[in-house]
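Using the numbering used here, you'd call the opening residue of the sequence shown number 8 and step up by one each time. We treat Cβ as the ideally placed atom computed from N, Cα and C, and that holds for glycine. Note that this is a predicted model, so its numbers are computed, not measured. Here's the structure we're looking at; comments come further down.
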Amino acid sequence: MPFSIVRNDIARVQADCVVNAANTHLAPGGGVCGAIFAAAGYDEMRRACERVGGCPTGDAVVTPAFALPATWCIHAVGPIWRGGRAGEDEALRACYRSIFARVLELGARSVAFPLISAGIYGFPAARALAIVREETARLLDAHPDIEVILVLFDRATVRAGNDLIAAIEEYIDDAYVDGSPFAHRRMRDLEREERWLEEAAPAAMAAPAPAGRVSRRGSSGAYEARSSSHDRGLDEMLAHLDASFSQTLLSLIDERGLTDADVYKRANISRQLFSKMRGNASYRPTKQTAVALAMALELDMDATQDLLGRAGLTLSRSSTFDMIVRFFIERGIYDLFQLNEALFYYDQPLVGSQ
Numbered sequence: 008m009p010f011s012i013v014r015n016d017i018a019r020v021q022a023d024c025v026v027n028a029a030n031t032h033l034a035p036g037g038g039v040c041g042a043i044f045a046a047a048g049y050d051e052m053r054r055a056c057e058r059v060g061g062c063p064t065g066d067a068v069v070t071p072a073f074a075l076p077a078t079w080c081i082h083a084v085g086p087i088w089r090g091g092r093a094g095e096d097e098a099l100r101a102c103y104r105s106i107f108a109r110v111l112e113l114g115a116r117s118v119a120f121p122l123i124s125a126g127i128y129g130f131p132a133a134r135a136l137a138i139v140r141e142e143t144a145r146l147l148d149a150h151p152d153i154e155v156i157l158v159l160f161d162r163a164t165v166r167a168g169n170d171l172i173a174a175i176e177e178y179i180d181d182a183y184v185d186g187s188p189f190a191h192r193r194m195r196d197l198e199r200e201e202r203w204l205e206e207a208a209p210a211a212m213a214a215p216a217p218a219g220r221v222s223r224r225g226s227s228g229a230y231e232a233r234s235s236s237h238d239r240g241l242d243e244m245l246a247h248l249d250a251s252f253s254q255t256l257l258s259l260i261d262e263r264g265l266t267d268a269d270v271y272k273r274a275n276i277s278r279q280l281f282s283k284m285r286g287n288a289s290y291r292p293t294k295q296t297a298v299a300l301a302m303a304l305e306l307d308m309d310a311t312q313d314l315l316g317r318a319g320l321t322l323s324r325s326s327t328f329d330m331i332v333r334f335f336i337e338r339g340i341y342d343l344f345q346l347n348e349a350l351f352y353y354d355q356p357l358v359g360s361q
């Protein structure tokens with residue numbers, strides 16, 4: 008599960024490393040910092056931080072996690088927002104790079120962190136999320152097996168930070184109108200009128216039964232012959248099945264001149280899961296995994312539906328998850344981080360993340 012977003016109290020999230028949004032003095036504070044100190048054991052964490060002494064903005068230091076459900080606590084100091092003219096973006100990037108550097112130095116396999124500086128430090132959520140996307144992608148490109156967890160206390164942060172949410176809401180609302188019961192009722196009326204016209208046609212115009220067909224009252228020999236013919240037709244169909252999901256996926260990767268690593272990294276799935284697909288022609292993915300791979304390959308809607316269809320899946324217009332994915336693909340937006348932010352906002356399962 009390379010990258011995921013969860014709604015939780017960060018002091019309750021299990022990971023090798025949990026990140027505290029610290030101040031330069033490493034002193035107990037409010038918000039995330041207060042929750043971390045309280046859950047770890049206030050006195051033990053305070054003494055450990057006093058031994059370290061402090062941390063400059065843009066850097067990160069390590070202490071034990073004590074009673075937290077983690078092994079280490081990384082204390083990271085983000086910048087205070089001063090209007091964007093005091094190098095805040097660069098300082099926040101440095102902060103995340105310092106966090107990830109500590110993770111690698113510790114040999115940790117997972118890290119959970121809050122949206123640094125986006126709380127009382129006033130950093131705009133949209134800019135903070137953009138920096139998280141870029142720096143996380145940079146880490147996972149080099150170290151795809153590390154599990155990275157962005158922990159948010161509520162979904163409002165994503166709405167403030169993802170400028171696609173309003174457009175997605177409009178898209179879903181339009182689809183609701185198109186699929187309203189009034190429209191469906193009119194369609195049913197039209198279909199019923201068509202059936203009446205068909206039933207009113209002269210019985211004499213009914214097509215004769217195909218030659219060679221017999222009723223259930225016909226001879227058993229004729230029935231057996233027809234049954235045998237049907238079985239041969241089924242055998243013929245089964246002998247000419249379309250390519251499976253895995254076979255189609257590998258063909259698409261080759262067509263685009265990509266490597267396996269290119270695809271599983273873009274799809275936010277683990278190398279181990281991709282290896283299962285490559286080694287098993289009959290592998291059946293979850294919809295989230297299939298969508299992640301379609302996004303990684305930047306498939307249009309027709310190609311996406313074809314790939315999903317190889318696994319018995321489809322993107323409908325009756326599911327919030329499906330509609331959000333359709334929004335991104337129809338507009339050619341293949342940023343998996345932004346897609347997952349939108350899915351998180353609507354309380355839907357994330358794509359990839361396996």
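Three-state secondary structure (DSSP) at residue i?
| i | result |
| --- | --- |
| R193 | With a pLDDT of only 48 at R193, under 50, the local geometry of the prediction cannot be trusted, and no value is derived from it. |
| C40 | helix |
| L314 | helix |
| C102 | helix |
| T64 | coil |
| A250 | coil |
| A119 | strand |
| S258 | helix |
| S289 | coil |
| R92 | coil |
| T266 | coil |
| D181 | helix |
| A211 | Confidence at A211 is low in this model, with a pLDDT of 45, below 50, so its placement is unreliable and the value that follows should be read with caution. Correct three-state label for A211: helix. |
| D50 | helix |
| L171 | coil |
| F334 | helix |
| A5 | Nothing can be reported for residue 5, as the shown portion of the chain is limited to 8 through 361. |
| E305 | coil |
| L363 | Because residue 363 is not part of the residues shown, which for the chain are 8 to 361, the question remains open. |
| T327 | helix |
| Q355 | coil |
Is the Cβ-Cβ distance between residue i and residue j less than 7 Å?
| i | j | result |
| --- | --- | --- |
| A77 | A22 | yes |
| A115 | A167 | no |
| F142 | S117 | Phe is not the amino acid found at residue 142; the sequence shown has Glu there. Against a cut-off of 7 Å, the Cβ pair of S117 and E142 comes out as no contact. |
| L146 | H82 | no |
| I138 | R109 | no |
| A318 | P356 | no |
| V26 | I106 | yes |
| T311 | Y353 | no |
| D329 | L322 | yes |
| L315 | A274 | no |
| F73 | G48 | yes |
| A163 | V20 | no |
| M308 | I340 | no |
Give every residue of the same chain whose Cβ lies closer than 8 Å to the Cβ of residue i, excluding the five residues on either side of it in the sequence, and list them in chain order.
| i | result |
| --- | --- |
| I127 | G37, G38 |
| Y271 | P151, S277, R278, L280, F281, A303 |
| A45 | A18 |
| C40 | N27, A28, A29, N30 |
| S226 | Here S226 scores only 46 on pLDDT, less than 50, and its place in the model is too uncertain to base an answer on. |
| D148 | K272 |
| A268 | P151, R278 |
| W88 | E95, S124, Y128, G129, F130, P131 |
| L265 | L304 |
Quick one: what's got a C-beta closer than 6 Å to residue i's C-beta in the same chain, skipping five residues either side?
| i | result |
| --- | --- |
| Y178 | F334 |
| E348 | V165, N169 |
| S253 | M284, A288, Y290 |
| R14 | L159 |
| I260 | V270 |
Nearest CA to the CA of residue i: which residue from the options?
| i | options | result |
| --- | --- | --- |
| A288 | D269, L300, T255, L111 | T255 |
| N30 | W79, G48, V84, R58 | V84 |
| T64 | N15, E57, L159, P86 | P86 |
| W79 | M52, L136, W88, G339 | M52 |
| C62 | C102, W88, R89 | C102 |
| E97 | A119, R134, E112 | R134 |
| I123 | E112, L136, L111 | L136 |
| K294 | S258, G91, A250, G359 | G359 |
| E112 | C24, G90, P35 | C24 |
| V298 | V332, G286, D161, G91 | V332 |
| E57 | P35, D342, L75 | P35 |
| G286 | E305, T296, L257 | L257 |
| D313 | A250, L343, R338 | A250 |
| F351 | D180, E305, I175, R338 | I175 |
| D342 | R140, G264, G90 | R140 |
| A144 | R104, R263, E305 | R104 |
Considering only DSSP beta bridges, list what residue i is partnered with.
| i | result |
| --- | --- |
| N30 | Paired residue(s): none; N30 is not in a bridge. |
| C80 | V25, T70 |
| I12 | L157 |
Considering only residues of the same chain and omitting the five flanking positions on each side of residue i, which have a CB-CB separation below 7 Å?
| i | result |
| --- | --- |
| V59 | L33, V68, T70 |
| A42 | D16, I17, A18 |
| L171 | Q345, A349 |
| A182 | R324, M330 |
| I12 | L157, L159, N347, E348, F351, L357 |
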